[in-house]
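Below you'll find the structure, written out as structure tokens, and then a few comments.
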Amino acid sequence: MSDAGFLLAALLTAIIGMACFALSIDTHWAQLLGKRERAIAHPLTLRVGGAALLAIAFFICTMADPVLMAVLVWTMLLTMAAFVVALAITVHARLSAVPRRDHRAE
Amino acid sequence: MRETFRQSMAYLHTWLGLALGFLLMVIFFFGSLSVFDREIDRWSIPETRAPAAPLPSFDKVVLPIVPSVKPDADDMARAAAEVIGPLPPVETLRATGIWVGSNHRDPLVRMFLEFDIPNKPVDPNQDHGHVHGNTAIDPATGQRLTGGLEDRLAIGTRFFFPMHFMLHVEWAMLGYWIVGLAGMTMLAALVSGVVMHRRIFREFFTFRPEKNRLRSTLDLHNMTGVLALPFLFVITFSGLLIFADFYVPSVTKLMRPLEKSQETAEAGRTGLPEDPAGQPGQLASVDKMMSDAKARWAERGVPGEVGFVSVTHFGDVNAYVTVGRDNVDRVATQEEIHFNGMTGELMYENPPTRPIEAVKGFLYGLHFQHFKHWGLRWLLFVGGLIGCACIATGFLFFVEKRKRKHAAAGSIGSSVVDALAVTSVTGMLVATATMMLANRVLPVDLPAHDTWQKSIFWFTWLATLVHAGLRSKPVASGGASSAWAEQCWAVAALATMAVLANWVTTGDHLLKTLSDGYWPVAGVDIVMLIAAAAAGGTAYVLSRRSQFFTAAAREMSAPAVGSQNV
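Just so you know, the protein sequences line up as chains A and B, in that order. Just so it is clear: in the first sequence, position 74 is 73 by numbering that gives the first Met the number 0, and no numbers are missing. Just so it is clear: in the second sequence, position 365 is 364 by numbering that gives the first Met the number 0, and no numbers are missing.
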């Protein structure tokens, strides 16, 4: 895989990892999945899984770059991944809020 | 006790942030632009739009140019004020130090010369004085840049970059001090911000634009601050570290004898002569040393283009040559091999650095960003802009939180802060875009071409302050200033015009630069178009909102007027 491919893979992994962290927070779980039960997705499980994914993302970064460079790339990718997840939650909240409001108006 | 500590941190965060946030905005924004300083240079001096080139032959190209470079007049004036007695005439001064360098992003070879002067310095702490001269070489022709190109303003490296670290306040080096103070403030703001944040993990991903303005502004301020915290902290800290010797001049100023003995010890350890011998000497082939250095790097399996060559004690038997690697593959800089200038023999190769030096090299390197990694470069650019967003939303929150209270008390505090925020956010963008446009539109043969561009920048910025001040009246009565929307429209228009002007004056439109793969110019154009679109979108939303509010206000006041008549 090319370096760009590795970085993209690292970013995607980091996004999924950050999404796990977000789902471990009750408010966001309710926002995204409604009243669905946390069957196996216990907050702690999600946090451990999220942390593992972020660690894997770092490992992928080291495949594209020397370790010290990868540290920088990884740190910045984590920030970007967190923004992507936050943005997705915000957009989701907006989209799911609009029809409900229409409903009430009717 | 805990609550009061948090409150005191909130107090510190608010008022320190307010006092120096305007400067931080400037430092972060121009720092972000400096990530692409060489690219902005290419855009602003179209004659130098060429692919990056490796360092040319030192013996055949660089050495013949050395005698033609004279000390800089400004630097002569500076030196004259610092030494006893009149300086010798410029023609008699000979170069005693040479530095030439280039990198993977730069099509020009930059050359700096040092000239020893015989005068004793006024300050006994300085042992000998120097004056400096500089020029740039076009590797394609092997000649000095011609046609006044040497004097043309390279906006990236000569204007935006110095703005980032000294704000162009040269008097008594005050600009450096102000930036240092702002950097310390940033660190304090980050720490106090974390302390005062109540739900740092629970609201990690939280942005609620549908909530009231105060809440959503705070969400955005917290989110940008927290998510980019590692970047913001490290970039601020490393920036301060770069100027640590200047801010805390203990070694260079107060412990002069200690520094002197340190220099001597260093010279003893490395074998590199500390002083010239005073006997003229002929330099051996530097090209041979460059190829020796490259062979050594190839042996170690690292990318081996020469980044710079310097000659110390040039023209003396004690001359030595330093060959530095263009560190494309690593963060830290400073990888050098030293050769004897007379014999060309290897004298000393920088050993693997000690841990403390390695940490310092890493922090320096991540701030100077000499590496070749376009993905990381863009990430750091975006990181800087997130810092700007964090600071800007801090101002918005300050104003939003207080404006009704101020309005009720008849205070103009929040309207003044709002006007300053407009100036330091959109006003700065307006001034920058105007300068870029002026760079393309002003005729090159205009006398003082560079001064014109700089003056246009400063006066435009001043004009945005006046404009923001005139429009901020509604804020004093709890409303919103229309300056935000108006200046956003101006940014959209000016940035688009700058891109168009680049097309008209050079023929380098985006389709051409993209199909040629000439990213330096294409990248600058694309960023300006994105900025224009974002500013236009913001302006549209703001204007619609204010129309909505005006209409609502009219509706509400209309029956009131009617009832009065009855």
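Think of the CB as a built atom: it goes at the ideal place given N, C-alpha and C, for glycine as much as any other residue. Being a predicted model, the structure only gives us computed values, none of them experimental.
Residue state for R198 (chain B) is assigned as coil, using DSSP reduced to three classes. Listed along the chain, the chain B residues whose CB falls inside 8 Å of the CB of I24 (chain A) are F200, R201, F203 and F204. With contact defined as three or more Cβ pairs closer than 8 Å, the stretch 44 to 58 of chain B and the stretch 139 to 157 of chain B are in contact. Apart from sequence neighbours up to five positions away, the residues of its chain that approach L186 (chain B) with a beta-carbon distance below 6 Å are T235, ordered along the chain. Cβ proximity to chain A below 9 Å picks out D328, R329, V330 and A331 from the stretch 321 to 342 of chain B.
CA-CA distance, H27 (chain A) to A534 (chain B), rounds to 31 Å. Closest by C-alpha distance to A432 (chain B), out of B:K402, B:L419, B:V490 and B:A482, is B:V490. Counting the other CB atoms within 10 Å of its CB gives K402 (chain B) a total of 16 or more, which places it among the buried residues. Counting every other CB atom within 10 Å of its CB across the protein chains shown gives I355 (chain B) a total below 16, marking it as exposed. Pairwise C-beta distances place the stretch 47 to 64 of chain B out of contact with the stretch 267 to 276 of chain B, as fewer than three of them are shorter than 8 Å. Contact between the stretch 43 to 58 of chain A and the stretch 14 to 22 of chain A is present, with at least three C-beta pairs closer than 8 Å. R151 (chain B): not part of any alpha helix (DSSP H); DSSP gives it neither H nor E.
The beta carbon of L445 (chain B) lies closer than 7 Å to those of W451 in the same chain, with the five residues before and after it left out. Put simply, of B:V523, B:H448 and B:T537 the residue whose alpha carbon is nearest the alpha carbon of A482 (chain B) is B:T537. Counting every other CB atom within 10 Å of its CB across the protein chains shown gives I83 (chain B) a total below 16, marking it as exposed. Collapsing the DSSP output to three states places A531 (chain B) in a helix. Contacts with chain A at 9 Å (Cβ-Cβ) do not include I355 (chain B).
Below 8 Å, enough C-beta pairs join the stretch 457 to 470 of chain B and the stretch 420 to 438 of chain B to call them touching: three or more. Only residues of its own chain outside the window of five on either side were considered, and among them G343 have a CB closer than 8 Å to the CB of K287 (chain B), listed in chain order. DSSP places D325 (chain B) outside both helix and strand once states are collapsed to three, so it counts as coil. Taking 9 Å as the cut-off, the Cβ atoms of C487 (chain B) and L231 (chain B) do not count as close.
L76 (chain A) sits in a helix when the DSSP states are folded into three classes.
Close CB contacts of A500 (chain B) within its chain, under the 7 Å cut and outside five residues either way in sequence, are with L436, R439 and V440 (chain order). With contact defined as three or more Cβ pairs closer than 8 Å, the stretch 394 to 414 of chain B and the stretch 206 to 220 of chain B are in contact. I88 (chain A) and L31 (chain A) have their alpha carbons spaced roughly 7 Å apart.
Nearest Cα to I116 (chain B) within the set B:R77, B:R109 and B:D137: B:R77. Contacts with chain A (Cβ-Cβ distance below 8 Å) from the stretch 372 to 394 of chain B involve H372, G374, L375, L378, L379, V381, G382 and I385, listed in chain order.
By the Cβ-count criterion, A81 (chain A) is buried, with 16 or more other Cβ atoms from all chains shown falling within 10 Å of its own Cβ. Taking the beta carbon of P65 (chain A) as reference, the chain B residues within 9 Å of it are D328, R329 and V330, listed in sequence order. Chain B has a Cβ within less than 9 Å of the Cβ of L86 (chain A). A direct Cα-to-Cα measurement between A318 (chain B) and T145 (chain B) gives close to 30 Å. Taking 9 Å as the CB threshold, R35 (chain A) stays off the interface with chain B. Taken in chain order, the stretch 159 to 205 of chain B contains no complete beta strand (DSSP E) segment of 3 residues or longer.
Of the residues assessed, V25 (chain B) falls on the buried side of the cut-off, its CB having 16 or more other CB atoms within 10 angstroms. Taking the Cα positions, L493 (chain B) is about 44 Å away from G96 (chain B). Taking CB atoms only, R207 (chain B) has a neighbour in chain A less than 9 Å away.
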